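Residue numbers are given in the UniProt record's numbering: position 74 of the sequence shown equals residue 74, and the series is strictly consecutive. Quick reminder that beta carbons are idealized off the backbone N, C-alpha and C, glycines included. Model, not experiment: these values are computed from the prediction. Here the structure comes first, spelled out in structure tokens, and everything after it is commentary.
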Amino acid sequence: MPEPRRRHHRRNNEGDKRRKVIYSIDTSVLLDILIPDPYFGHSSKETLKRASAEGKLVICPVVYAELSAFFRPKAELEAFLTKTGIKLSPFKKDHLWMAGKMWKDYLAGGGKRKNRILADFLIGGFSKTEADAIITRDAAFYSDTFNTKVYYLKKDSE
Numbered sequence: 001m002p003e004p005r006r007r008h009h010r011r012n013n014e015g016d017k018r019r020k021v022i023y024s025i026d027t028s029v030l031l032d033i034l035i036p037d038p039y040f041g042h043s044s045k046e047t048l049k050r051a052s053a054e055g056k057l058v059i060c061p062v063v064y065a066e067l068s069a070f071f072r073p074k075a076e077l078e079a080f081l082t083k084t085g086i087k088l089s090p091f092k093k094d095h096l097w098m099a100g101k102m103w104k105d106y107l108a109g110g111g112k113r114k115n116r117i118l119a120d121f122l123i124g125g126f127s128k129t130e131a132d133a134i135i136t137r138d139a140a141f142y143s144d145t146f147n148t149k150v151y152y153l154k155k156d157s158e
């Protein structure tokens, strides 16, 4: 996996000889593993394994909420996150502000895909300001809309 660009302004890395890369994970990648998806399941699992070895895996509250629909009880979701080494990071005002502005711009511009919802922009705003890259299958949207470093997943058969 190529090393994403660094954004040193986000965190104080004094004392760190080598800062770990932070990867934000989109819901679809985790669902590929949980369901499991016949086309992306293996690719998603391997990508997360490599990313975990290189850095830190995080999700935002929207991804947590979307995942919760697939777990019963809550302890199972917590166990999954612990097992995979994924941390839940809270939203900050910067994430929310960016998401709102980008969503407004998207709607004002006519929105290329009418099915885009605010949750997509919350995930994008979080990833842009909190992570070095997002792991997703929706590379074009996050790359074009947020100018974010993206790790795109290919189908397992490719």
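{"Check": "With distance defined between alpha-carbon atoms, name the residue in A75, A51, T27 and C60 nearest to K93.", "Outcome": "C60"}
{"Check": "Taking the alpha-carbon positions, what's the K149 to I134 distance?", "Outcome": "6 Å"}
{"Check": "In this structure, how does DSSP classify S24 when only helix, strand and coil are distinguished?", "Outcome": "strand"}
{"Check": "Per DSSP, which residues does L57 bridge with? Please list them.", "Outcome": "Y23 and I86"}
{"Check": "What are the boundary residues of the alpha helix (DSSP H) that includes T129?", "Outcome": "L118 to E130"}
{"Check": "What is the DSSP secondary structure of I35, counted as helix, strand or coil?", "Outcome": "coil"}
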